[in-house]
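Residue numbers (my numbering): 66 to 193.
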């Protein structure tokens with residue numbers, strides 16, 4: 066993977082997780098900042114992590130890794146246009162409420178992922 070391609074994947078990961086900085090992204094992915102930095106140095110990101118994130122956020126792996134839209138791109142665009150049109154027709158207060166709902170839903174998903182990660186760590190057999 067080229068540096069440019071990796072930067073694009075990391076940007077899409079930030080978009081999915083709502084992270085704005087590398088530090089926030091590393092927290093969202095439950096990896097250390099050093100791990101994220103090593104991915105950049107190696108121009109590589111674990112495929113298994115990308116699959117997991119794509120499943121959690123119900124997004125296409127093609128989009129996450131390659132920036133390509135859905136196989137049925139036209140239907141996706143139709144749906145997005147319809148949703149955007151409906152959103153624009155709402156009063157400002159309602160649009161803000163929708164945005165708050167989306168942000169809250171994303172926050173809940175992040176918390177659920179953190180709980181899942183912590184549970185998995187607690188259930189791992191200890192080495193030693």
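Where is the CB? At the ideal position from N, CA and C, for every residue including glycine.
- Task: Let me know the secondary structure DSSP gives residue 73 once reduced to three states.
- Result: Translated into the one-based positions of the chain shown, residue 73 becomes position 8. Here residue 73 sits in helix by DSSP.
- What first and last residue would you give for the alpha helix (DSSP H) that runs through residue 90? Here the question's residue 90 lines up with position 25 in the chain shown. 87 to 93 is the span of the alpha helix (DSSP H), which, as asked, contains residue 90.
- Message: Does residue 155 come out as helix, strand or coil in the three-state DSSP assignment?
- Response: By 1-based counting over the chain shown, the position of residue 155 is 90. Residue 155: coil per DSSP, three-state reduction.
- Using 10 angstroms around the beta-carbon of residue 77, count the other beta-carbons present and answer buried if the total reaches 16, otherwise exposed. Residue numbering aside, residue 77 sits at position 12 when the chain shown is read from its first letter. Counting Cβ neighbours within 10 Å, residue 77 comes out buried, since at least 16 surround it.
- Query: Looking only at C-alpha atoms, which of 133, 71 and 114 sits nearest to residue 96?
  - Reply: Working through the chain shown from its first residue, we reach residue 96 at position 31. Closest by alpha carbon: 114.
- Item | Neighbourhood of residue 94 by C-beta distance below 8 Å, restricted to the same chain and skipping five residues each side | Locating residue 94 in the chain shown gives position 29, where the first residue counts as 1. Same-chain partners within the cutoff: 78, 82, 101, 114 and 118.
- In whole angstroms, what separates the C-alpha of residue 108 from that of residue 155? Counting from one through the chain shown, the residue named residue 108 turns up at place 43. Counting from one through the chain shown, the residue named residue 155 turns up at place 90. Rounded to the nearest angstrom, the two C-alpha atoms are 43 Å apart.
- Message: Here's the rule I'm using: 16 or more other beta-carbon atoms within 10 Å means buried, otherwise exposed. How should residue 104 be labelled?
- Response: For the purposes of this step, residue 104 is identified with residue 39 of the chain shown, where counting begins at 1. That one is buried.
- Task: Answer with buried or exposed for residue 110, where buried requires no fewer than 16 other C-beta atoms within 10 angstroms of its C-beta.
- Result: Numbered from its first residue, the chain shown carries residue 110 at position 45. So residue 110 ends up on the buried side.
- Item | residue 130 to residue 160 span [Cα, whole Å] | Position 65 of the chain shown, counted from the start, is the residue given in the question as residue 130. Position 95 of the chain shown, counted from the start, is the residue given in the question as residue 160. The alpha-carbon atoms of residue 130 and residue 160 are separated by roughly 31 Å.
- Task: Within its chain, find whatever has a CB closer than 7 Å to the CB of residue 87; leave out the 5 residues flanking it on each side and keep chain order.
- Result: Within the chain shown, numbered from 1, the residue matching residue 87 stands at position 22. The residues are 98 and 101.
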